[in-house]
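Heads up: the structure comes next, in structure tokens.
Number of protein chains: 2
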Amino acid sequence: MGRVNATEPSQPVPLARLLAIAYRSLVDGLHGRLRDQGWVDVRPAFGFVLLAARDQPTTSTALATLMGTTKQAASKLVDSMQDAGYVERSANGPDGRQRHVSLTPRGVQLLAAVEEIYTELEREWASLIGPNEVERIRRGLTGVLSDDHGVLPPVRPTW
Amino acid sequence: MGRVNATEPSQPVPLARLLAIAYRSLVDGLHGRLRDQGWVDVRPAFGFVLLAARDQPTTSTALATLMGTTKQAASKLVDSMQDAGYVERSANGPDGRQRHVSLTPRGVQLLAAVEEIYTELEREWASLIGPNEVERIRRGLTGVLSDDHGVLPPVRPTW
DNA sequence: CGAAATGGTCAATGAGGTTGACTAGTTGGA
DNA sequence: TCCAACTAGTCAACCTCATTGACCATTTCG
Numbered sequence: 001m002g003r004v005n006a007t008e009p010s011q012p013v014p015l016a017r018l019l020a021i022a023y024r025s026l027v028d029g030l031h032g033r034l035r036d037q038g039w040v041d042v043r044p045a046f047g048f049v050l051l052a053a054r055d056q057p058t059t060s061t062a063l064a065t066l067m068g069t070t071k072q073a074a075s076k077l078v079d080s081m082q083d084a085g086y087v088e089r090s091a092n093g094p095d096g097r098q099r100h101v102s103l104t105p106r107g108v109q110l111l112a113a114v115e116e117i118y119t120e121l122e123r124e125w126a127s128l129i130g131p132n133e134v135e136r137i138r139r140g141l142t143g144v145l146s147d148d149h150g151v152l153p154p155v156r157p158t159w
Numbered sequence: 001m002g003r004v005n006a007t008e009p010s011q012p013v014p015l016a017r018l019l020a021i022a023y024r025s026l027v028d029g030l031h032g033r034l035r036d037q038g039w040v041d042v043r044p045a046f047g048f049v050l051l052a053a054r055d056q057p058t059t060s061t062a063l064a065t066l067m068g069t070t071k072q073a074a075s076k077l078v079d080s081m082q083d084a085g086y087v088e089r090s091a092n093g094p095d096g097r098q099r100h101v102s103l104t105p106r107g108v109q110l111l112a113a114v115e116e117i118y119t120e121l122e123r124e125w126a127s128l129i130g131p132n133e134v135e136r137i138r139r140g141l142t143g144v145l146s147d148d149h150g151v152l153p154p155v156r157p158t159w
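Right under this line is the structure:
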């Protein structure tokens, strides 16, 4: 995937490499700062659940679909987050088979912390390359990733 | 991490989300096309080893450092690639403790296929949002990720 | 009404990582 | 020159987090 040293202009750095480093940089930054704030048991996968349950309860099956894993894996993830106090399984939904997964107050706090830290990290990027460049990257990636209706696909974990 | 639906302009889509989707899109595209070409036992981690051993032999310890894993994990990865026929462990290097890891002809072929597919995928992106936008993304990300000497950090796997 | 499908969980299993220990070789200070 | 400390690499055991196939309860739909 191309040269390590970006000053060697013979071949551009492949996007896959840049995207991997960039994503990893943001996620490492996120988790470093979460730890600094005292959030010590947060797995990367928790972010997906927090977002999915942000506005209304979600379910194991919905999480499995969102994350591209098995229902069992999603259920175990919810178990871990319930044990850590970020979500709770509540009464059944309209479908008697469903078990709703909702954020606890602590889960809402974690979600807020995650979103705030990402905003900080983006500001730092903007201070390095300029806010116009950051917005350009955002628009460019959104343009290439959205479907014909302008909807982004669900993000599947990459760990 | 922001709204799924990009048409809701109240809040920009977070870069972490876009980067995750973008990276995943490229890696899935890569592995899909590798499978189409008959490469059926390629793990994402193989790409790191292929690149590391591209121009000269590498070692388990170098791979561990590059990938941010333990020496044992790197050694196991090399074992897997050796079993699959992509690398071979050769005679000791200048340090008698070192075991060199070199690409086999099949490994060289795989590396060539990987680089060609990434080039194709980038061309497709360029046809969606324009080559200038692709280069802008490349420059922007390189700018934000390089250190003061213009050198990118090693990419640590994100799976 | 009931077969088929679905939501969710159970237990077992597997992939791929880490840990601590170990051997063989290298380094560098006394 | 010697040898303690360090390093390269591997071993075996273990852990995390996923998948698989089975199962139960509920819903769907012909």
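Residue numbers (this note's numbering), protein chains in the order written: chain A, 1 to 159; chain B, 1 to 159.
Every residue, glycine too, gets a C-beta built ideally from N, C-alpha and C.
Of all Cβ atoms in chain A, is any one closer than 8 Å to the Cβ of residue 133 of chain B?
-> Among the residues facing chain A, residue 133 of chain B is included, as its CB has a counterpart in that chain under 8 Å away.
Whether residue 121 of chain B touches residue 26 of chain B by CB criterion (8 Å) | Yes; because the gap between Cβ atoms is below 8 Å, this pair is in contact.
Quick one: which residues of the segment 40 to 65 of chain A get their C-beta closer than 7 Å to a C-beta of chain B? List them in chain order.
-> So the close ones are 47 and 51.
Spatial neighbours of residue 60 of chain B within its chain, please: CB distance less than 8 Å, with the 5 preceding and 5 following residues excluded, ordered by chain position.
-> Contacts found: 71, 74, 75, 78, 99 and 101.
Separation of residue 48 of chain A from residue 114 of chain A, as counted between CA atoms = Residue 114 of chain A and residue 48 of chain A: Cα-Cα distance of roughly 11 Å.
Buried versus exposed, by CB contacts within 10 Å (16 or more), residue 8 of chain A | The pLDDT assigned to residue 8 of chain A is 46, lower than 50, so where the model puts this residue is not dependable; a value taken from the coordinates is nonetheless given after this. Classification for residue 8 of chain A: exposed.
Taking Cβ-Cβ distances below 8 Å as the criterion, which residues of the segment 13 to 28 of chain A are in contact with chain B?
-> Here the close residues are 13, 14, 15, 16, 17, 18, 19, 20, 21, 22, 23, 24, 25, 26 and 27.
Do residue 21 of chain A and residue 152 of chain B come within 8 Å of each other at the CB atom, strictly closer than that value?
-> Yes, Cβ-Cβ distance for residue 152 of chain B and residue 21 of chain A is below 8 Å.
Exposure of residue 135 of chain B, with buried meaning 16 or more beta-carbon neighbours within 10 Å = Residue 135 of chain B is exposed by the Cβ-count criterion.
Check the DSSP bridge columns for residue 87 of chain A and list the partner residues they point to.
-> Residue 87 of chain A pairs with A:103.
Should residue 91 of chain A be flagged as near chain B, meaning a C-beta pair shorter than 8 Å?
-> Closer than 8 Å to the CB of residue 91 of chain A there is not a single CB belonging to chain B.
Straight-line gap, residue 56 of chain B to residue 149 of chain B (C-alpha atoms, nearest Å) | One C-alpha to the other measures close to 24 Å.
DSSP state of residue 49 of chain B, grouped into three classes?
-> In the three-state scheme derived from DSSP, where H, G and I count as helix and E and B as strand, residue 49 of chain B is classed as helix.
Excluding the 5 residues preceding and the 5 following residue 43 of chain A in the sequence, name in chain order all residues of the same chain whose CB lies nearer than 6 Å to its CB.
-> Result list for residue 43 of chain A: empty, nothing under 6 Å.
Under 9 Å by beta carbon: chain A residues contacting residue 101 of chain B | Under the 9 Å cutoff, chain A gives no residues; its nearest Cβ is about 17 Å from residue 101 of chain B.
Within the 8 Å Cβ cut-off, does residue 141 of chain B reach chain A?
-> Output row for residue 141 of chain B: interface = yes.
What in chain A is Cβ-close to residue 136 of chain B, meaning under 7 Å?
-> Here the neighbours are 136 and 140.
Return the first residue and the last residue of the alpha helix (DSSP H) that residue 40 of chain A is part of.
-> Careful: residue 40 of chain A lies outside any alpha helix (DSSP H) and carries neither H nor E.
For a contact meaning CB atoms closer than 8 Å, what does residue 86 of chain B contact in chain A?
-> Within chain A, no residue comes near residue 86 of chain B; the closest Cβ sits about 15 Å away, beyond 8 Å.
Members of the segment 110 to 123 of chain B near chain A, C-beta cut-off 9 Å | Listed by position, the residues of the segment 110 to 123 of chain B near chain A (Cβ gap below 9 Å) are 114, 115, 118, 119, 121 and 122.
Cα-Cα separation between residue 11 of chain B and residue 51 of chain B, rounded to whole angstroms | Taking the straight line from one Cα to the other gives about 38 Å.
Reference residue 31 of chain A, options A:124, A:125, A:128 and A:118, closest by Cα = Of A:124, A:125, A:128 and A:118, the residue nearest in Cα terms is A:118.
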